[in-house]
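Counting from 7, one number per residue, gives the positions in the sequence shown under this note's numbering.
A virtual CB, placed ideally from N, CA and C, is assigned to each residue, including glycine.
Written out below as structure tokens is the structure these notes cover.
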Amino acid sequence: MCGISGLINCGDREALARMTSVQTHRGPDDSGLWERHFANGDYIALGSRRLAILDLSADGHMPMANADGTIWITYNGEIYNFVDLRGELEAKGHQFRSRTDTEVVLHLYEQYGPDRFKDFLNRLNGMFSLAICDLRGASPKLFLARDHFGIKPLYYWQRGHKLAFASEIKALLEVPGIETTLSLEALDEYLTFLWVPDPLTMFEGIFKLPAGHYALWQGGSFKIEQYWDLTFPTASHRFERNEADLADEVRERFCASVDEQMVSDVPIGAFLSAGLDSSSIVAAMARQRPVRTYTITFPEKYRVGESTLDDPAVPRRLARKLGCEHHEIIVEPDVVDLLPLLTWHMDEPTADPAIIPAYLVCREARKQATVLLSGVGGDEIFAGYRKHVAHAWSEEYRKVPALARNLVERAMLALPSLRGTSAKGPVRLAKKMARSAALSSQEAFIRNCTYLDEQQRDALYAPPLQRKNGNPAHQHLASFEKVSHANFLNQMLYLDTKIFMTTLNLTYNDKMSMASSVEVRVPFLNREFAEFVAWNVAPELKLKGKWRPVTKHIFREAMRNMLPDEVLRQPKAGFAAPVDYWLAHDLRPMVDDLLSHDQVRRRGLFRPEVVRKYIDEHRQGTEDWSMQIWQLLTLEIWMQLFLDGGAKSFTHGQMNASQLSQPVTTA
């Protein structure tokens, strides 16, 4: 696992050195630079920070070249089928100097060539972001690519014939000429969804390469193309497989995916919550060898009224049953100090408090393990979220007479937030459903992903910003259009996979693990496994039932002989944090300071009285504005770091630690 960076016709060796140095946490084991000046005045440079996972020797140094130095690669990721690919390539005459997957990727590209770049990428089973510079031919080519699901990030900035790219935005900010300007379009999306969906970022002019896409720079031209997408059958498709046989094959394919992702030359472990997905991964791993498992939990005082914090006793019992070396991490974090640090690591404001436990568990696990397996993707592949259940309910609810529905909706919207009780979560869900009950299925799905609607955003914005942007859900609508032929549950899963999972869950899993120099692997996102489920598992076997639907039904059946009943019966519990407690205690002074009337007015984006209204109503218990307050607090911290220059202290600390003493290869 690594941090990559590169420049074309902008910056210089010193800028590239800073770009790689600021990503030291992504690769503390080695670093390298390569640059080339061309006769026509073009300049291309590649940088790498390396976290050694396979072949820990110096043979894995990057940027890496082929035998005659005509192809160079900087690469971040793991390719799980690299041994098979290497065998194929050796049979065709390729010779290898290392045991790394990086060299296999390099030779595979050499075998396919630039004209078959899509075919080359679709041979890779794993996670990756990469840059390949091909010096053969009349003019150099530079390819950028991001893996099929977007497990690994890749950001870029492009102006005319200039291009800069990196694994993290903060590296791009080391390039002269790249400015830190707030994107108002991205701000509107952030206020809507809590984060900014691809391809935008909160920085004007800096973009994410979308998942399953590649880009080509040649002769000053820059173009982006899609090379893969997850597809689904039509809604009328007949699924022929019987449930028992299908469950057996799902289990076999899933266990095979886990097995291939256990390849490592460094210690490996796994997250273990009370949930089905992580428990299944650990059960599959334990078939091969004893497993180090890591569970994070908070002291009891944090758990009052929180239905989303997992019960640590469940994973503790499962670990004992499976013979795991279990580590239960009880944390009472200094969230006031953590929020700025983690916002710096995230690069963008991300108002999901799950980033905090994600960071803490990786930080503690790093003491014994460098690689962790995670259950991310299980909910998106098999339909495991509450919103999937909410859709099943809404289909039945629409059959109720309109007058009765109206009475129910008004009653639900009038409910108090019931913060501090176990009913808080159900009340929040009930209110969301009441607000979307009269909408179409597509509109209801988008509404249930929305935290501030258009009317609320318009009331929040200061007058100069009102009604300045387009529809923040345009990506959602475009994605629905792509799979309009499919059953609506599969349409929801497509959007979850392309938008929610990629731009939120996978992003914070990458950034928070890399902050502690930990590689996180995600067995559910084996491409062939996900494609098999999409085309062979009927929607009613993913979400089974109507009024009491069972999420991930076929996967539960597949794992029935490998997991105890208490895990199979566990309700959905997110990888969450005690937001209410923090806002009422640790973060209360920070909220009053950073979201004060004077500070909000000086910033000029929002109406101070509306921000204060959210805070007051939340503290009085009349409304649950916890996520919106967290959202505004995170945004202000981000602006102080990246727009006001506060991030420089973090950045300089990283650079001083690495001392910019990186080897340089020139050609």
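What does the Cβ neighbour count give for residue i, buried or exposed, with the cut at 16 atoms within 10 Å?
i, result
"A3", "No answer is possible for residue 3: the residues shown for the chain start at 7 and end at 673."
"N248", "exposed"
"L127", "buried"
"E331", "exposed"
"L197", "buried"
"L179", "buried"
"S54", "buried"
"T628", "exposed"
"I336", "exposed"
"M25", "buried"
"N412", "exposed"
"N493", "buried"
"F44", "exposed"
"T299", "buried"
"D464", "exposed"
"R244", "exposed"
"E20", "exposed"
"H480", "exposed"
"A663", "Since pLDDT at A663 reaches only 48, below the 50 mark, its modelled position is unreliable, and the value read off the structure follows with that caveat. Burial call: exposed."
"Q665", "At Q665, the pLDDT of 44 sits below 50, so the modelled position is not reliable and the matter cannot be decided from this model."
"H603", "exposed"
"R32", "buried"
"T672", "Caution is warranted here: a pLDDT of 38 is assigned to T672, below 50, making its placement in the model unreliable, and the coordinate value is therefore given only provisionally. With fewer than 16 other Cβ atoms within 10 Å, it is exposed."
Looking at the secondary structure, which residues open and close the beta strand (DSSP E) in which residue i lies?
i, result
"S11", "8-14"
"G298", "Sequence inspection shows Arg at residue 298; the Gly mentioned does not correspond to that position. First-last of the beta strand (DSSP E) with R298: 298-303."
"L6", "Nothing about residue 6 can be read from this structure; the chain reaches only from 7 to 673."
"M133", "132-140"
"Q164", "161-165"
"V81", "Reading off the sequence shown, one finds Tyr at residue 81, where the question assumed Val. Run containing Y81: 77-85, per the beta strand (DSSP E) assignment."
"V377", "377-379"
"E96", "Note, E96: premise wrong, no beta strand (DSSP E); alpha helix (DSSP H) at 88-97."
Could you check how far apart the C-beta atoms of residue i and residue j are, in whole angstroms? I think they sit under 8 angstroms.
i, j, result
"V616", "S380", "About 38 angstroms separates the two Cβ atoms, so there is no contact after all."
"G12", "F171", "5 angstroms"
"Q497", "F486", "6 angstroms"
"G83", "F134", "3 angstroms"
"I10", "Y86", "The pair is not a contact, with the Cβ atoms about 19 angstroms apart (cut-off 8 angstroms)."
"F238", "V489", "6 angstroms"
"D340", "Y514", "D340 to Y514, Cβ: 19 angstroms. No contact."
"L278", "T301", "5 angstroms"
"Y115", "I77", "7 angstroms"
"A450", "S442", "4 angstroms"
"C6", "G183", "Residue 6 cannot be examined here, being either before or after the span of the chain that is shown, 7 to 673."
"P540", "V256", "Per the sequence shown, residue 540 should be read as Ala rather than Pro. Rounded, the Cβ-Cβ distance is 12 angstroms, inconsistent with contact."
"L600", "E642", "5 angstroms"
Let me check understanding here. Comparing Cα to Cα, which of the options lies closest to residue i?
i, options, result
"V272", "K373, L639, P120", "K373"
"A192", "G390, L150, F102, E354", "E354"
"A137", "R129, A151, P146", "A151"
"M645", "M208, N72, I452", "M208"
"K393", "L378, T456, H333, A417", "T456"
"G651", "A492, T186, F199, L569", "T186"
"A521", "T299, L39, W350, V202", "W350"
"V89", "V297, R323, Q576, S270", "S270"
"H591", "N477, E41, F260, E338", "E338"
"E386", "T76, G156, Y500, L512", "Y500"
"R259", "S602, K327, I212, E537", "E537"
"A241", "T509, P422, P545, M418", "P545"
"P555", "Y233, E174, S400", "S400"
"S519", "E563, I635, L348, S442", "L348"
"R434", "T503, S632, G551", "S632"
In the DSSP assignment, find the unbroken alpha helix (DSSP H) run with residue i in it and report its ends.
i, result
"W399", "392-403"
"D35", "From DSSP, D35 is part of no alpha helix (DSSP H); its letter is neither H nor E."
"A444", "Counting along the chain, A444 falls outside any alpha helix (DSSP H), and DSSP gives it neither H nor E."
"W350", "341-352"
"I621", "614-626"
"T640", "632-644"
"T198", "190-199"
"F561", "559-564"
"V272", "Note, V272: premise wrong, no alpha helix (DSSP H); not H, not E."
"R327", "The question names Arg, yet the displayed sequence has Lys at residue 327. Looking at the DSSP string, the run of the alpha helix (DSSP H) that includes K327 is 319-328."
"F126", "123-128"
"H482", "480-488"
"R372", "Premise fails: R372 is in no alpha helix (DSSP H) and is neither H nor E."
Is there a Cβ of chain D sitting closer than 7 angstroms to that of residue i, yes or no?
i, result
"T106", "Within the model displayed, chain D is absent; a lone protein chain is all it includes."
Item to check | beta strand (DSSP E) runs wholly inside the region 220-256, at least 3 long, in chain order | outcome: Here the runs fully enclosed are 227-232.
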